[in-house]
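Student: First residue of the first sequence: 33, per this note's numbering; consecutive thereafter.
Built from N, CA and C at the ideal position, the CB exists for glycine as well.
In this text the structure is predicted, and so the values were computed from the model without any measurement.
Here you go, one structure.
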Amino acid sequence: MVKPVKHLYSSPNFKKLVFRIGEVSEITGVSTRQIRYWDEKGLIESTRKETEKTNSRVFDFKNLILINLINMYLQQGFTLAAAFERAQKRQNSIKRIHSVFNTFDNVIVDDEDVLVIDLGYFDDEKTKHLFGIIDENTELHYQVKEDGQEPDLTAYKKS
DNA sequence: CTTCTTACA
DNA sequence: TGTAAGTA
33 MVKPVKHLYS SPNFKKLVFR IGEVSEITGV STRQIRYWDE KGLIESTRKE TEKTNSRVFD
93 FKNLILINLI NMYLQQGFTL AAAFERAQKR QNSIKRIHSV FNTFDNVIVD DEDVLVIDLG
153 YFDDEKTKHL FGIIDENTEL HYQVKEDGQE PDLTAYKKS
């Protein structure tokens, strides 16, 4: 049974988890040169940290995953364009799988009638080596928006 | 110290 | 795509 509960992602104890370009490069193995190039081409999306004097790029968890997926297909021999397409499809598939396998206990409808699924934290060995930053202090939220719209995957870190 | 842009190999 | 330069 889906019950209206105050959404988790607005909890004052959690802030959106973002990564600087150097961190993304270190985690995924993709060079900063490539990341900037993909960003310029619009394959990935970054936001600018206005408070910083450098006005540097920051990437959310969703884009970190995307960058890693693109790189994975790139290493399999696909062209950048093909790798991007595959990565997008793969990412969407993963999201749908998550939504299917999560129990109703993790389903929440917030004030704006948006479906939110708490994925908890990843602690299996497969993801741990790749995303070591996901731990007890990090929450992953999968948000299903109105039909047709892109689902959103965001990580939040306890501050 | 890290990131940014620009430019050249 | 890597790397260097000169910044912020």
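Near residue 76, which residues of its chain fall below 8 Å by C-beta distance, leaving aside the five closest residues on each side in sequence?
Tutor: By one-based count along the first sequence, residue 76 stands at place 44. If we look at residue 76 and ignore the five residues flanking it on each side, its Cβ neighbours are 67, 70, 91, 95, 98, 99 and 102.
Student: When the Cα atoms are used, what is the spatial distance from residue 199 to residue 109?
Tutor: Residue 199 is absent from the model: the chain starts at 33 and stops at 191.
Student: Over the uninterrupted alpha helix (DSSP H) stretch that includes residue 205, give me the two end residues.
Tutor: There is no way to answer for residue 205, as the model of the chain reaches only from 33 to 191.
Student: Along the chain, where does the beta strand (DSSP E) that runs through residue 62 open and close?
Tutor: Sequence index remark: in the first sequence, residue 62 carries index 30 (1-based). Run containing residue 62: none; DSSP gives neither H nor E here.
Student: Might you give, ordered along the chain, the residues of its own chain that have their beta carbon closer than 6 Å to the beta carbon of residue 114, omitting 5 neighbours on each side?
Tutor: For the purposes of this step, residue 114 is taken as the residue at position 82 of the first sequence. Counting only Cβ-Cβ distances below 6 Å, and skipping sequence neighbours, we find nothing.
Student: Could you tell me which residues DSSP puts in a beta bridge with residue 171?
Tutor: Mapped onto the first sequence, residue 171 falls at position 139. Paired residue(s): 188.
Student: From residue 125 to residue 191, what does the alpha carbon distance come to, in whole angstroms?
Tutor: Taking the first sequence and counting its residues from 1, the one referred to as residue 125 is at position 93. Taking the first sequence and counting its residues from 1, the one referred to as residue 191 is at position 159. Distance between the alpha carbons of residue 125 and residue 191: 31 Å.
Student: Please report the distance separating the alpha-carbon of residue 88 from that of residue 78.
Tutor: The residue you call residue 88 lines up with position 56 of the first sequence. The residue you call residue 78 lines up with position 46 of the first sequence. Taking the straight line joining both Cα atoms gives about 9 Å.
Student: If you count every other CB in all the chains shown that lies within 10 Å of the CB of residue 48, and 16 or more means buried, which is it?
Tutor: Taking the first sequence and counting its residues from 1, the one referred to as residue 48 is at position 16. The residue is exposed, with fewer than 16 neighbouring Cβ atoms inside 10 Å.
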